[in-house]
Amino acid sequence: MEPFYFKSYDKLIGVACDEESLLQEMKCLSKFDSAAVYYHLVEGHISMWLEYIGRRDLADGLKYISDVQEAVSYLEKNLRKGSVMPRKRGRPKGSSKKKDMQEKKPD
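All letters in the sequence shown, in the order written, are residues 1 to 107 by UniProt numbering.
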């Protein structure tokens with residue numbers, strides 16, 4: 001998976017590899033360059049990246065938040081309570097419907 005790059009005027013100022021590191025970077029950068037965090041938030045870059053990593057639940061919640069502190073609070077609250085969407089859907093790897101059907105057939 002590609003990390004999220006926080007940039008300010010084409011200069012790399014932060015990198016996040018997962019939702020927890022995203023929160024930490026947003027907290028840190030909000031103190032030093034909140035305009036950069038605001039830019040990525042309002043332009044939808046953070047929401048798009050969260051969808052990319054499979055966290056549509058968090059992405060949907062951030063889409064309409066334009067305040068940096070509110071976004072940080074939202075992520076803290078939702079990561080703490082463990083609102084987890086399944087990362088993958090469907091059958092477990094290695095299982096198949098055909099295989100299950102064959103096992104259920106009476107002899």
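Backbone N, C-alpha and C define an ideal beta-carbon position, used for all residues, glycine too.
- Message: Considering only the alpha carbon of each residue, which of Y52, E51, P3, D10 lies closest to A36?
- Response: D10
- Query: Just the Cα atoms here: how many angstroms apart are G61 and G14?
  - Reply: 22 Å
- Cutoff 7 Å; reference H40; Cβ partners in own chain excluding five residues on either side: The beta carbon of H40 is closer than 7 Å to those of F6, I46 in its chain, skipping five residues each way along the sequence.
- Message: Using a Cβ-Cβ distance cut-off of 8 Å, determine whether A71 contacts chain C.
- Response: In summary, chain C is missing from the structure at hand, where a single protein chain is found.
- For the beta strand (DSSP E) containing I46, list its first residue and its last residue. Per DSSP, I46 belongs to no beta strand (DSSP E); it is in the alpha helix (DSSP H), 45-52.
- Task: Give the secondary structure of K63 by DSSP, where H, G and I count as helix, E and B as strand, and everything else as coil.
- Result: The answer is coil: DSSP assigns K63 none of H, G, I, E or B.
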